[in-house]
Amino acid sequence: MSATGAAAGRLERREGRVRSLADYYATTMRTTIQRNFQYRAATYGYTIGMVAEPTIYLVVWSTIARGEGGSIGGLDPGHFAAYYIVWTLVRIMNITFTPYGWEWRIREGQLSGWLLKPIHPIHYDIAWFAGQKLPWLVMYVPIGVGLSLAFHPVFHTSPLSVVVFLVAIWGAYLVRSIGLWLLGMCTFWTTRGSAIFETYLLAELLLSGRLLPLQLMPHWSQTLAAVLPFKWTFYFPIEALIGGYSTGTLLRGLGFQLLWIAAGALTVKVFWRVSVRHYSAVGN
Amino acid sequence: MNTLRLAFVFLRLGALNELQYRANFFVAAFQALLSVGVGIVVLLLVYSHTTSLNGWSESELLVVLGVQLLLGGIVTTAIQPNMQQLTDDVQQGKLDFLLTKPEDAQMLVSLRVVQIWQSVDVLSGAIVVAVGAARVGAGLGVVQALAFVGLLLLGAFLLYCFWLILATGSFWIIDMWFLANLWDGVFQTGRWPIGIYPGWLRYSMTYLIPIGFAVTVPAQALTGRLQWSTVGLAVGFAVVLGAFTRWFWRFGLRRYAGASA
Chain F
52 MSATGAAAGR
62 LERREGRVRS
72 LADYYATTMR
82 TTIQRNFQYR
92 AATYGYTIGM
102 VAEPTIYLVV
112 WSTIARGEGG
122 SIGGLDPGHF
132 AAYYIVWTLV
142 RIMNITFTPY
152 GWEWRIREGQ
162 LSGWLLKPIH
172 PIHYDIAWFA
182 GQKLPWLVMY
192 VPIGVGLSLA
202 FHPVFHTSPL
212 SVVVFLVAIW
222 GAYLVRSIGL
232 WLLGMCTFWT
242 TRGSAIFETY
252 LLAELLLSGR
262 LLPLQLMPHW
272 SQTLAAVLPF
282 KWTFYFPIEA
292 LIGGYSTGTL
302 LRGLGFQLLW
312 IAAGALTVKV
322 FWRVSVRHYS
332 AVGN
Chain Y
54 MNTLRLAFVF
64 LRLGALNELQ
74 YRANFFVAAF
84 QALLSVGVGI
94 VVLLLVYSHT
104 TSLNGWSESE
114 LLVVLGVQLL
124 LGGIVTTAIQ
134 PNMQQLTDDV
144 QQGKLDFLLT
154 KPEDAQMLVS
164 LRVVQIWQSV
174 DVLSGAIVVA
184 VGAARVGAGL
194 GVVQALAFVG
204 LLLLGAFLLY
214 CFWLILATGS
224 FWIIDMWFLA
234 NLWDGVFQTG
244 RWPIGIYPGW
254 LRYSMTYLIP
264 IGFAVTVPAQ
274 ALTGRLQWST
284 VGLAVGFAVV
294 LGAFTRWFWR
304 FGLRRYAGAS
314 A
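First to last, the protein sequences are chains F and Y. Every letter in the first sequence is one number past the one before it in the working numbering, and letter 218, counting from 1, is 269. Every letter in the second sequence is one number past the one before it in the working numbering, and letter 235, counting from 1, is 288.
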């Protein structure tokens with residue numbers, strides 16, 4: 052076979068792999084969507100539980116702002132309302148497979164079956180949780196409308212910020228998914244992954260904008276947040292939509308998300324090879 | 054009397070079972086420390102921007118936080134595991150085993166699982182309450198202390214009723230995987246005094262989800278804010294909710310048809 056023929060063959064095989072992967076993602080997502088719409092009450096129960104957290108933050112910080120003469124750090128109740136209502140959307144988007152699930156997966160020997168498949172298991176987790184977004188978002192619409200009517204959010208949104216937001220929420224999903232996948236792999240060494248995960252959640256609470264807009268956090272927290280991936284999973288997509296960012300900041304933010312995704316994917320690739328050797332299971 | 058005897062037997066069984074996994078104690082202790090840490094960090098952040106949240110000082114909110122952690126510990130030790138076991142049994146058709154036993158089914162589904170290591174949260178919550186109450190310095194007497202303990206028990210009973218009503222839903226909604234998440238989200242609201250929420254949310258959290266009665270009212274007893282009319286209302290509400298829970302459980306049970314077993 053000539054060199055040109057070999058190159059063409061390689062290209063064809065690569066295209067075939069990409070097509071198969073795209074088909075795999077589409078099928079997995081379709082399955083998840085159908086499953087979630089089948090169990091509507093359960094999906095609603097989950098969504099309500101999720102909405103509670105930002106609603107609490109919104110009420111607390113709005114109360115403080117009103118008590119302090121209408122605003123704190125330049126943010127008024129209208130800004131807080133916008134921030135936490137978009138927060139909920141971003142939260143729905145960045146829900147992913149957690150170390151709790153990893154703990155179960157390793158303990159029950161569920162991973163054994165996955166190791167026999169010709170596809171990396173991370174694709175299943177990303178596709179499965181990506182599929183859940185649509186039913187959750189549909190269920191969230193009436194809740195979001197209700198929250199908007201109750202708390203009167205103020206937005207300064209431009210068409211560009213909407214477009215960046217639509218990309219950034221998927222970027223946030225991937226940054227968080229890959230980060231938690233890496234953390235989940237610790238369960239190859241310890242079955243106490245939940246303790247590690249809860250430490251991660253504390254860091255996320257303080258460094259991502261999950262608790263309150265980062266500009267209101269202490270200086271040390273803002274400095275740390277600037278060099279860690281957390282803020283790209285909450286603060287950036289939220290602020291991208293509610294307005295105030297320049298075009299440069301918006302595009303730079305997407306660039307940082309891409310950087311963290313690439314770095315995370317590379318680390319997963321290396322860490323997976325090392326950690327899977329530690330796996331032993333009884334059962335499935 | 055029989056209930057107490059059974060409760061003790063289940064507690065002993067649960068303790069023996071959990072004592073096999075002693076490392077879990079350290080995990081539970083670490084998680085309890087983290088919960089307290091998160092709560093305190095959030096309080097510090099709030100009070101770095103204000104001196105009073107709707108009339109509540111930092112020390113008073115520490116009491117609210119402690120009560121919420123303490124009640125959360127009671128729930129994760131003795132209520133939530135039982136209710137999740139119930140929903141799993143209904144889903145898998147295993148409840149038949151329990152229904153054939155010569156004891157009241159509601160009592161059995163409510164007592165059979167105890168996760169003793171989770172009671173570390175009760176201890177950490179009690180410490181936070183004590184520190185908060187000492188800092189408030191409201192001149193606590195025996196009456197306030199007794200009222201606090203009584204209202205705390207009443208709060209635990211209200212949360213039990215809420216959980217059982219939710220879990221009874223499994224007779225209609227088979228897949229109840231969302232319960233823990235729903236509870237975690239909703240119970241976080243108790244970390245703040247009920248008065249800061251807007252009216253519609255305040256009423257929902259008092260009468261639909263009894264977190265206001267369960268958390269804020271005991272905290273009021275330790276911060277000199279308790280009115281005896283509130284105690285009367287809480288007791289009356291507990292009686293009504295207890296009766297409704299009993300009726301709803303029986304109503305749901307009539308729908309149960311074992312799928313396997």
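Idealized CB from N, CA, C, for every residue including glycine. Treat the numbers as computed from the prediction; the structure is a model and nothing was measured.
Cutting at 7 angstroms between CB atoms, please list the residues of its own chain near I289(F), excluding the five before and the five after it. Y134, V137, W138, V141, G260
Three-pair Cβ contact test at 8 angstroms for the segment 172-189 of chain Y versus the segment 265-277 of chain Y: yes
Here's the rule: buried if 16 or more other CB atoms are within 10 angstroms of the residue's CB, otherwise exposed. What is M268(F)? buried
Check for me: the alpha helix (DSSP H) holding D389(F) runs from which residue to which? Nothing can be reported for residue 389(F), as the shown portion of chain F is limited to 52 through 335.
So, A219(F) versus F287(F), is the Cβ gap smaller than 9 angstroms? yes
How big is the Cα-Cα spacing for T79(F) and L72(F)? 10 angstroms
Should D142(Y) go down as buried or exposed, given a rule of 16 or more other Cβ atoms within 10 Å for buried? buried
Inter-residue Cα distance where the pair is I132(Y) and M101(F): 21 angstroms
Contact with chain Y by M190(F), beta-carbon distance below 9 angstroms: no
Take G118(F) as the anchor and find which of L217(Y), R165(Y), G90(Y), I249(Y) has the nearest alpha-carbon. I249(Y)
With a CB to CB cut of under 8 angstroms and the five nearest residues on each side skipped, what residues in its chain are close to L162(F)? R156, P172, Y330, A332
Since Q145(Y) meets chain F, which of its residues come closer than 7 angstroms, beta carbon to beta carbon? Under the 7 angstroms cutoff, chain F gives no residues; its nearest Cβ is about 16 angstroms from Q145(Y).
Give me the residue from R86(F), L233(F), D74(F), L126(F) with the minimum Cα distance to G152(F). L233(F)
Using beta carbons (cut-off 9 angstroms, strictly below), is L217(Y) in contact with chain F? no
According to DSSP, what are the bridge partners of W109(Y)? L106(Y)
With a floor of 3 residues, list each beta strand (DSSP E) that falls wholly inside the segment 146-201 of chain F, ordered by position along the chain. none
Using a C-beta cutoff of 9 angstroms, does F83(Y) count as contacting chain F? yes
For a cutoff of 9 angstroms on Cβ pairs, would you count T276(Y) as touching chain F? no
Which listed residue (V175(Y), I264(Y), S177(Y)) has its alpha carbon closest to that of L212(Y): I264(Y)
Pairs of beta-carbons, one from the segment 107-125 of chain F and one from the segment 236-249 of chain Y, closer than 8 angstroms: are there three or more? yes
Distance between T130(Y) and H270(F) (C-alpha atoms, nearest Å): 39 angstroms
Evaluate D157(Y) with the Cβ neighbour count: other Cβ atoms within 10 Å of its Cβ, from every protein chain shown; 16 or more gives buried, anything less gives exposed. exposed
Kindly say whether I143(F), judged by its beta-carbon, lies nearer than 9 angstroms to any beta-carbon of chain B. The structure shown has no chain B; the protein chains it does contain are F and Y.
Pick helix, strand or coil for G294(F), following the three-state DSSP scheme. strand
Give me the DSSP bridge partner(s) of L267(F). DSSP, once it has assigned bridges, lists no residue as partnering L267(F).
List, in chain order, every chain F residue whose beta-carbon is nearer than 8 angstroms to that of N107(Y). T114, G118
Assumed close pair E7(F), L87(Y) - CB separation to whole angstroms, cut-off 8 angstroms: Since the first residue of chain F shown is 52 and the last is 335, residue 7(F) is not available in this structure.
Below 8 angstroms, can you find three or more Cβ-Cβ pairs linking the segment 87-97 of chain Y to the segment 160-168 of chain Y? no
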